[in-house]
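Asker: Going down the list, the sequences are from chains A and B.
The first sequence: position 233 = 233 (our numbering), numbered continuously.
Every position in the second sequence, counted from 1, becomes a number in our numbering once 1000 is added.
Glycine included, each C-beta is placed from N, C-alpha and C at the ideal position.
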Amino acid sequence: MTDAILSVDGLVKRFGGLVAVNEVSFDVPRGLIVGLIGINGAGKTTLMNCVNGIYHSDGGRVVVDGHDMTNHKPHEIASLGVGRTFQIPRIFHRMTLIENLMVPVLGSEKSDAELTDMAEACLDRVDLYPLRGNNGEELSGGQQKLLELARVLMFDPALILLDEPFAGVNPSLCRIMIQQIEKMKQDGKSFLLVSHDLTSIYRLSDQISVLNQGEIIASGTVETIQSDPAVIEAYLGN
Amino acid sequence: MQRSSSPEIEIDTRRADTVRRTLWYGLVVVILIWCAVIPVFDGNLSLYFAMMMWVTLATGLNFIAGFTGYMPFGYVAFYGIGAYATGIAVKVLGMSVYLAIPFAGVVGVLFGLLIAPTLRLSGIYFAIVSLSLAIICQRAIALMPEEVTGGSLGLNLGVVTVREHGYYAMLLILVAALLTASWLARSRLGKALKAIRDDAEAAEALGVNVTRSRLYAWLLATLFPALAGGTQAWFTGALDPQTAFDVLVTAKTVIYAMAGGLGTVLGPLVGTVVLVWVDELIWRAFPVLNNFLLGAIIAALILFAPRGLIGSLTRRYPRLRRYIM
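Here it is as structure tokens:
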């Protein structure tokens, strides 16, 4: 039996008559990266929002590290060690970069001085240290993505949900992000990675699930997915 | 770990923290000493009382509007409830006015707790509900038995103590409000609130208990207007529903706080002091055009410095942010 840090079982999410996520089931094994791909509107972000509690699901279960967290509040799910980034960066615009990084660890027993040192180290890992006193709103779009990643580093979660981390990021910043993701994986972190950038997702993922119209149409290794006729049809049409 | 920083930046950051603290506490001490000696020199007691009261109200509003982004258009409700709690405590319950002021604070906070479920709303919906509750409070107090609230005519407290005592009570409340604000700005709760203000959903996804943090800010925001309202009733010796729940109290508080810059400790203080003085100077020089000129100045301020004096200054000169609390 696989040691899954995240198990999603029969998850359903409806918006009125639209079924955005339909009976989706998959696992994220501990220490691995599971990629989630699909065309626009396939339900990837909705699924991620159901996993971390932003959306209430209409059916199914979300189990995090053995705890049934279905429809729990996002901060309760985060407290189990689930961090995430967003498709469009959602940083705290009127807070400095250091303050941005303090947010996920406000409940920590460490002193503010220790946390500030940690925040500076995390910013350094994504090359944002020189801007630590600037407000979030003063960063470029790519730098905001890096800040989100640094926030995840600071949080040090066991499971990381990355929603389109490479979208709108230039190749050099993208390289930094990939390096950090690989380093975190070496440190034993698990990932659910949603991306349109197939090159990156194929490079990083241990397993891939393909979502189409709210349903998983294929799951497996990169090689399996690349040659799956259903996936090719979903992406390229008949 | 190899840092890309230079040692000078580290030293600069520490020095900036020291400079910021020194500047802030120095400014507060100067203002407080100034206010404290006014009665000794028989200065314009009412003007300084009003200034301290408005700074307290603007600072209190900042806890909820500046730190969490909730704009309570019915903020005056807590001021009015504090005033009436003091009036009823003194006139009906026969309580000493010195006890009546903390009592007013408790009543204000309890009322805040009672209507805390409105925090589930956001944006304009919260603002409208908050304003409606203030109007309901005004009507309810006016309709209550005259022997309790004085009905629509209000209560006449008379001379409860020497006037200077009320003045110094306001000074104490101002000190408490400013100390609370400086604590909040440095505290983890303050950081949680700022994160909620910028993006509540993202903050919650990062582990911030949004509901609880907002409630704390809300209760802090309800305490100070209730104390200020109670002290105002003490200082003037009279209160009625029209003035105690006058929507202009909210409007002026919002304008003063915004003029300085919401979200900073210094903003509401600077905005209030500047505008109260400008108001006074215009009134002395052009009594007929007072409201017209003041309105034009406020409109220009909002137009050209939408983040307020302090907010716009730090936006234009980001390095100053290190020195401003």
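1. For G1288(B), count the other beta carbons within 10 Å of its own beta carbon; 16 or more makes it buried, fewer makes it exposed. Which is it?
2. Determine the direct distance from the alpha carbon of C122(A) to that of A963(B), and round the result to whole angstroms.
3. Are P1241(B) and A1085(B) close, meaning C-beta to C-beta below 7 Å?
4. Distance cutoff 7 Å, beta carbons only. Does E164(A) sit that close to anything in chain B?
5. If you count every other CB in all the chains shown that lies within 10 Å of the CB of R1321(B), and 16 or more means buried, which is it?
6. With distances taken between CB atoms, is the gap from I1173(B) to L1227(B) smaller than 7 Å?
7. Can you name, in chain order, every residue of its own chain whose Cβ lies under 7 Å from the Cβ of W1218(B), other than the five neighbours on each side?
8. Between S1312(B) and the rest of its own chain, which residues show a CB-CB distance below 6 Å, the 5 nearest in sequence each way excluded?
9. Would the beta-carbon of R1015(B) fall within 7 Å of that of M1325(B)?
10. Note down, in chain order, every chain A residue with its Cβ under 9 Å from the Cβ of V1265(B).
11. To the nearest angstrom, how far is the alpha carbon of N1062(B) from that of T1236(B)?
12. Could you tell me the distance, in whole angstroms, from the CA atom of Y202(A) to the CA atom of I77(A)?
13. Show which residues of chain B have a CB atom less than 7 Å away from the CB atom of E107(A).
14. Determine the direct distance from the alpha carbon of A1104(B) to that of V1090(B), and round the result to whole angstroms.
15. Indicate the three-state DSSP secondary structure (helix, strand or coil) for R945(B) in the structure shown.
16. The beta strand (DSSP E) with R244(A) in it runs from where to where?
17. For H67(A), does the three-state DSSP call read helix, strand or coil?
18. Starting from the beta carbon of R84(A), find every residue of chain B whose beta carbon is closer than 7 Å, and list them in chain order.
19. I want to verify the contact list: residues of chain B whose CB lies under 7 Å from the CB of I54(A), in sequence order.
20. Hey, does F92(A) have any beta-carbon neighbour from chain B nearer than 7 Å?
21. Look at the alpha carbon of K1191(B) and the alpha carbon of G1166(B), and state the distance between them as a whole number of angstroms.
22. So what does DSSP say about K13(A), is it helix, strand or coil?
23. Could you name the residues of the region 95–106 of chain A whose beta carbon sits closer than 9 Å to any beta carbon of chain B, in the order they occur along the chain?
24. Going straight from the alpha carbon of L147(A) to that of V1276(B), what length do you get?
25. By a C-beta neighbour count over all protein chains shown, 10 Å radius and 16 as the cutoff for buried, is S1122(B) buried or exposed?
26. What's the call for G1026(B), buried or exposed, on a 16-neighbour Cβ count within 10 Å?
27. Mind listing the chain A neighbours of R1316(B)? Cutoff is C-beta to C-beta under 7 Å, in chain order.
28. Between the region 61–83 of chain A and chain B, which residues of the former have CB atoms less than 9 Å from a CB of the latter, in chain order?
29. Could you check if P157(A) is buried or exposed, using at least 16 other CB atoms within 10 Å of its CB as the buried criterion?
30. Can you give the beta carbon distance from E1280(B) to I54(A), rounded, assuming they're within the 8 Å contact cut?
31. Is D1198(B) close to chain A, meaning its C-beta is less than 7 Å from at least one C-beta of that chain?
32. On the three-state DSSP scale, how would you describe T1118(B)?
33. Counting only the same chain and skipping the five closest in sequence on each side, list residues whose C-beta sits under 6 Å from that of V34(A).
34. Taking all protein chains shown into account, do 16 or more other C-beta atoms lie within 10 angstroms of the C-beta of T1222(B), making it buried, or fewer, making it exposed?
35. Just curious, the beta strand (DSSP E) that N1044(B) is in, first and last residue?
36. So is A1305(B) in contact with chain A if we call contact Cβ pairs under 7 Å?
Answerer: Put simply:
1. The sequence given here has Val at residue 1288(B), not Gly. Answer is exposed; the Cβ neighbour count stays below 16.
2. Chain B is shown from 1001 up to 1325; residue 963(B) falls before or after that span and cannot be answered.
3. For P1241(B) and A1085(B), no; Cβs fall outside 7 Å.
4. no
5. buried
6. yes
7. Hits under 7 Å: I1064, G1112, A1116 and L1119.
8. A1305
9. no
10. Those do not exist, as V1265(B) stays about 14 Å from chain A at its closest Cβ, beyond 9 Å.
11. 26 Å
12. Looking at the two C-alpha atoms, the distance is approximately 28 Å.
13. Strictly speaking, residue 107(A) in this sequence is Gly, with Glu absent from that position. The contacting residues are G1207.
14. 11 Å
15. Coverage of chain B is limited to positions 1001 through 1325, which leaves residue 945(B) absent and any answer about it impossible.
16. There is simply no residue 244(A) to check, as chain A begins at 1 and stops at 238 in what is shown.
17. strand
18. A1205
19. E1201 and A1205
20. Any Cβ of chain B closer than 7 Å to the Cβ of F92(A) would place that residue at the interface, and such an atom is present.
21. 34 Å
22. strand
23. M95, T96, E99, N100, M102, V103, P104, V105 and L106
24. Cα to Cα, the separation comes out at about 41 Å.
25. exposed
26. exposed
27. Within chain A, no residue comes near R1316(B); the closest Cβ sits about 12 Å away, beyond 7 Å.
28. Of all residues in the region 61–83 of chain A, K73, P74, H75, E76, I77, A78, S79, V82 and G83 have a Cβ within less than 9 Å of some Cβ in chain B.
29. buried
30. Not really, about 50 Å apart at Cβ, beyond 8 Å.
31. yes
32. In this structure, T1118(B) counts as helix in the three-state DSSP scheme.
33. V28, L192 and Q207
34. It counts as buried.
35. Segment: none, N1044(B) is in no beta strand (DSSP E) and carries neither H nor E.
36. no
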